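A.B. asks:
Number of protein chains: 2
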Amino acid sequence: MTAEQLLEKTNRSLPIVLLRARESVMAHFRPMLAAHGLTEQQWRVLRVLSEAGELDASHLAHHACILPPSLTRMLKTLEGNGWIVGRRDKNDGRRMLFSATEEGLRFIATVSPKGAAIYEEIVDAFGEDKLRQLVDLLDELQTKVNGAAK
Amino acid sequence: MTAEQLLEKTNRSLPIVLLRARESVMAHFRPMLAAHGLTEQQWRVLRVLSEAGELDASHLAHHACILPPSLTRMLKTLEGNGWIVGRRDKNDGRRMLFSATEEGLRFIATVSPKGAAIYEEIVDAFGEDKLRQLVDLLDELQTKVNGAAK
DNA sequence: TCCTAACAATTAACATGTTAAGTAATATGC
DNA sequence: GCATATTACTTAACATGTTAATTGTTAGGA
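For the record, the sequence lines run as chains V and R.
According to this note's numbering, the first sequence holds residues 59 to 208 in order.
According to this note's numbering, the second sequence holds residues 59 to 208 in order.
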């Protein structure tokens, strides 16, 4: 095999392709988020809180796809910015419950439409049908792969 | 909309789905790589070098999907382990050329089959046809999205 | 009740992601 | 041939990813 053919193999490998595709998509969001002083991960956390309301750290981490140690650090930053608040769960002293503040909700309401507009562009460029098809395939991949090796 | 419906929207959003899918796949590789003292990114760099032969840092970064500042740090580690060597390009004093050492190639030859075996399991679990379909869709997404907003 | 296991969150340590700025070498236009 | 821009790589600073260990709390069983 030539070096080009070998590299082509890597180029078609699932982890790489998923990484590249995600990077292509996120490249469109990052400049807008950065202009608001947000990282991609912080934006995920804020969105989940605005959608779900008050949530304990474990569920927040799960929904935002962020590992607990990362979340702990981020929550301090977000709380420092006044966008969220945390309190201890009275029914279970181990849990911390987090929610967006009024200021946080206003901030989210400012950023949200800009994110939605960018997402629209991506959907338009790719096609709504293909997007649905892709998302379904990715869901199926996740399901089958998680079940397989456990 | 209920909180569940709002969360469902996030669950179907492209960046999140791509992230989750990639995580599902990588979760199968990481334990094996860790057992060899490798991170996922280090393994990508070693594989690219073993496939392409000597390569300058820019192309290496591109093929391994790693940003140049990250690569600079990693290359020091990999060189410290004796798996790769770097030398300056005589035709262009700006470039650094990297290649796997003999020891590195032996190491890669040890890890490679284990990675291939895991990949096989994933392909089997998901289906070869669906995998090809998925990779094609991801490639197309990347192409169309990159062209759209530039 | 008491001991232990399990759980939730956190801390620590190291590796990578991300952007901006810096350094050295090369390319370009005049 | 020289000033300038561009390129390749690096450094710096901060944020997150990743694993392991720690702390405090709750749950279960003898």
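Note that CB positions come from ideal geometry on N, CA and C, so glycine has one too.
Predicted, not measured: the structure shown is a model, and the values here were computed from it.
Using 8 Å as the limit for Cβ to Cβ distance, is Phe184 of chain R near chain V?
C.D. replies: yes
A.B. asks: So the alpha helix (DSSP H) Leu72 of chain R belongs to, where does it begin and stop?
C.D. replies: Leu72 to Ala93
A.B. asks: For Ile166 of chain R versus Arg105 of chain R, is the C-beta spacing smaller than 8 Å?
C.D. replies: yes
A.B. asks: If you measure between the beta carbons of Leu64 of chain R and Leu192 of chain V, is that distance less than 8 Å?
C.D. replies: no
A.B. asks: Could you confirm whether any beta carbon from chain R is found closer than 8 Å to the beta carbon of Ser128 of chain V?
C.D. replies: At a cut-off of 8 Å between beta carbons, Ser128 of chain V makes no contact with chain R.
A.B. asks: Apart from the five residues on each side of it in sequence, which residues of its chain come closer than 7 Å, Cβ to Cβ, to Ala110 of chain V?
C.D. replies: His121
A.B. asks: Select from the segment 133-144 of chain V all residues with a C-beta closer than 8 Å to any C-beta belonging to chain R, and list them in chain order.
C.D. replies: none
A.B. asks: With C-beta atoms as the reference, is Leu91 of chain R less than 8 Å away from Ala158 of chain R?
C.D. replies: Their beta carbons are not under 8 Å apart, which means Leu91 of chain R does not touch Ala158 of chain R by this criterion.
A.B. asks: Distance, Cα to Cα, Leu96 of chain V vs Arg78 of chain R?
C.D. replies: 21 Å
A.B. asks: What's the call for Gly135 of chain R, buried or exposed, on a 16-neighbour Cβ count within 10 Å?
C.D. replies: It should be noted that the sequence gives Thr, not Gly, for residue 135 of chain R. The residue in question, Thr135 of chain R, is exposed, as its Cβ has fewer than 16 Cβ neighbours within 10 Å.
A.B. asks: For Arg102 of chain R and Glu81 of chain R, what's the separation of their Cα atoms in angstroms?
C.D. replies: Between Arg102 of chain R and Glu81 of chain R, the C-alpha separation is close to 16 Å.
A.B. asks: Between Val83 of chain V and Leu76 of chain R, is the Cβ-Cβ spacing less than 8 Å?
C.D. replies: Cβ distance < 8 Å, so Val83 of chain V and Leu76 of chain R count as in contact.
A.B. asks: Grab me the residues of Pro126 of chain R's own chain with a C-beta within less than 8 Å of its C-beta, minus the 5 sequence neighbours each way, in chain order.
C.D. replies: Ala115, Ser116 and Ala119
A.B. asks: Going straight from the alpha carbon of Asp197 of chain R to that of Ile124 of chain R, what length do you get?
C.D. replies: 18 Å
A.B. asks: So, helix, strand or coil for Met132 of chain V, using DSSP?
C.D. replies: If DSSP states are grouped into helix, strand and coil, Met132 of chain V belongs with the helices.
A.B. asks: Could you name each continuous beta strand (DSSP E) segment of 3 residues or more that falls completely within the segment 145-175 of chain V, going from the start of the chain to the end?
C.D. replies: Runs found: 154-158.
A.B. asks: By how many angstroms is the C-alpha of Lys188 of chain V removed from the C-alpha of Val169 of chain V?
C.D. replies: 27 Å
A.B. asks: Would you decide whether Pro73 of chain V is buried or exposed? Buried here means 16 or more other CB atoms lie within 10 Å of its CB.
C.D. replies: By the 10 Å Cβ count, Pro73 of chain V comes out buried.
A.B. asks: Lys67 of chain V to Arg88 of chain R, Cα distance in whole Å?
C.D. replies: Rounded to the nearest angstrom, the two C-alpha atoms are 20 Å apart.
A.B. asks: Can you give me the C-alpha to C-alpha distance between Val203 of chain R and Asn149 of chain V, rounded to a whole angstrom?
C.D. replies: 47 Å
A.B. asks: Got a sec? Which residues, its chain only, sit under 7 Å from Lys172 of chain R by beta carbon, not counting five neighbours each side?
C.D. replies: Met90
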